[in-house]
Amino acid sequence: MRKKKFPVNPKHFLIVLGGLCCLLMIGSFRFSEQFAPLKTAVGNAIAPMQKGINTVGRYIADQLDILSGIQELLDENAALKEEIAALSYENEILRQDQYELDNLRELYNLGQNYSDYPMVAARIISKEPGNWYHMFTIDKGAEDGLAVDMNVIAGNGLVGLITEVGKNYAVVRSIIDDRSSVSGMFLSSSDTCIVSGDLTLMNEGLIRVEAISSAADISDNDEVVTSHISDKYLQGILIGYIRDIELDSNNMTYNAYLIPAVDFAHLEDVLVITQIKEPLQPLDDAEEAQEETASGEESSEEDTSSE
Amino acid sequence: MNSGRKGNRFVIRCILILIEIVICFLLQTAVFPALAFAGIVPDLLMTVVAANAYTRGRITGMLTGLACGLLVDCCYGSIIGLYGLLYMVTGYLCGCVVRFYASDDYTIPILLTAAGEFFYCVLYYAAEYLLRGQLQFGAYFMQIILPRILYTVVAAVPVYRGINSLHLRLWSREHKEE
């Protein structure tokens, strides 16, 4: 090995180098200015390497920090999640309020449109199962002046008819119900038609329109409103828009479909028109009937369909 | 021809040791401070000195120590030569154990590193604190020396492994040539 052939005894070598170190120490202590360039030179050589490798060290340290910070983050995350839950609950309430406000504003506007009629606002409190409000209950009843056969509207169109009145509730049958049929009229041409709910079309949100005169001058998207010849529906309430007009097999009438103006899938608040279209009365009991309608308590209940 | 080859080997060894020193110095000064536990950084230079001294003997240990020490001196010391002297003496003492060298033994170099670190710390204490009249060696031992030794011993295992395998490779090549 090399060390055996080394010409100098290691002990002596150590002593010499030790002495050299001592001399260096003394020298650098006494003449620190002269040694300064040496130190800066070494520092200049080492510093870039340190800088380069320091980024590696920083990276590793950052990774370790991430690992050690995980528990902290988890705790913080749990706390924040709780906060989010509270906030989103609060937000949900606010949104509901906003939604209610929008609905009520809409109703208010509607009330302005049909302002000729006296109206009572009501909220839907229950409905028959299914997506569509074909039979539903509202939270106003006889106490609020409601009576059977009163018209119910919402948004910008007709919803249906009150079929049953309790003390503080009323049941409404909407126009998409299979049993419902409304005498309608085309706003543009005053041609009449019959708008009747259809179970098979209910899920598509459509209503069948029948008995349109073959002479009628109508086209798609014409507005259909309640007609003057209906005996239960007040005149001029928007029902919806016509589409898919077809000639019936009897060649005398047109059939069509109608898209209701009211979004029956998302109905929440409705307006009840507390005015009842006066029923046709025989001459002898006309006075009696007038009293009945004035009190607003009773009406003819024998036939649910309007036509 | 033979002497030329020997000179070559000598240069290669010097360069390799210098590279080891620079790498460990950079790790010790730039990487480990970011990973320091309780502000203590492992003394990787001591592991280099001890490993080289243990595998190659007193002269190598001494020179390695001197190089390490002077590097530290030039970068951080207030006066040049103090660290050099400390590392050199430690390297020399570690080199005395070279006759017990076995290529697959890890206990001796690790213990040697611990002892060298202890010796170095004591010398450092004597030079830097004792001379200024600071006599609380117990506190210094508990707070600085002991954690430093433990940390250094942990770091010494991979460092010694690398240096030893390098040494073995060089050694077998030299013997093949002869």
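Quick note, the sequences are listed as chains P and Z, same order.
Note that the numbering used here gives residue 45 to position 45 of the first sequence, counting from 1, and the numbers run on in steps of one.
Note that the numbering used here gives residue 1073 to position 73 of the second sequence, counting from 1, and the numbers run on in steps of one.
Beta carbons are placed, not taken as given, at the ideal position from N, Cα and C, and that holds for glycine.
Cβ atoms of Z/Tyr-1160 and Z/Ile-1110 come within 8 angstroms of each other, at about 7 angstroms. Against chain Z, the beta carbon of P/Gln-34 has no neighbour under 8 angstroms; the closest one sits roughly 11 angstroms away.
Secondary structure of P/Lys-140 (DSSP, three-state): coil. Taking the Cα positions, Z/Gly-1061 is about 52 angstroms away from P/Asp-75. In this structure the segment 147 to 154 of chain P does not touch the segment 178 to 198 of chain P; the number of beta carbon pairs closer than 8 angstroms is below three. With a threshold of 7 angstroms between beta carbons, P/Val-42 makes contact with chain Z. Of the other Cβ atoms in all chains shown, 16 or more fall within 10 Å of the Cβ of Z/Leu-1085; this residue is therefore buried. The C-beta distance from P/Phe-264 to P/Gly-205 rounds to 6 angstroms, short enough to meet the 8 angstroms contact threshold. Residue-level contact check: Z/Val-1031 touches chain P, since one or more beta carbons of chain P fall below 7 angstroms from its beta carbon. If you draw a straight line from the Cα of Z/Gly-1133 to the Cα of Z/Arg-1173, it is about 52 angstroms long.
DSSP, reduced to helix, strand and coil, places Z/Tyr-1106 outside both helices and strands of the structure shown, so it counts as coil. In the three-state reduction of the DSSP assignment, P/Cys-193 falls in the strand class, which pools E and B. In the DSSP assignment, P/Pro-260 forms a beta bridge with P/Gly-240.
Judged by DSSP secondary structure, P/Phe-186 falls within the beta strand (DSSP E) whose first and last residues are 181 to 186. Shortest Cα-Cα distance from Z/Tyr-1083 to any of Z/Val-1041, Z/Ser-1103, Z/Ile-1144 and Z/Tyr-1124 involves Z/Tyr-1124. In the three-state reduction of the DSSP assignment, P/Asn-221 falls in the coil class. According to DSSP, residue pairing for P/Arg-123 in a beta bridge involves P/Asp-269. For P/Asn-255, same chain residues with a beta-carbon under 6 angstroms away, outside a window of 5 residues either side, are Glu-210, Glu-246 and Asp-248 in chain order. Z/Ile-1017 sits away from Z/Thr-1055, with the two beta carbons spaced by 7 angstroms or more. For Z/Gly-1069, the uninterrupted alpha helix (DSSP H) run begins and ends at 1058 to 1076, by DSSP.
Look at the beta carbons and you see the segment 257 to 275 of chain P touching the segment 156 to 175 of chain P: at least three pairs across the two are nearer than 8 angstroms. With contacts defined by Cβ atoms closer than 7 angstroms, P/Val-224 and P/Gly-240 form a contacting pair. Distances from the alpha-carbon of Z/Val-1041 to those of Z/Val-1049, Z/Gln-1143 and Z/Asn-1052 put Z/Gln-1143 closest. Residues of chain P with a Cβ closer than 9 angstroms to the Cβ of Z/Met-1088 are, in chain order, Leu-14, Leu-17, Gly-18 and Cys-21. The beta carbon of P/Ser-213 sits closer than 7 angstroms to the beta carbons of Asp-191 and Thr-253 from its chain, once the five residues preceding and following it are set aside; these are given in chain order. A Cβ-Cβ distance of about 16 angstroms is found for the pair Z/Ala-1155 and P/Ile-53, leaving them out of contact under the 8 angstroms criterion. In the DSSP assignment, P/Gly-160 is bridged to P/Val-152 and P/Ser-174. Between P/Met-25 and Z/Gly-1069, the C-beta spacing is not below 7 angstroms. The distance from the Cβ of Z/Val-1072 to that of Z/Leu-1045 is about 7 angstroms, consistent with a contact at the 8 angstroms cut-off.
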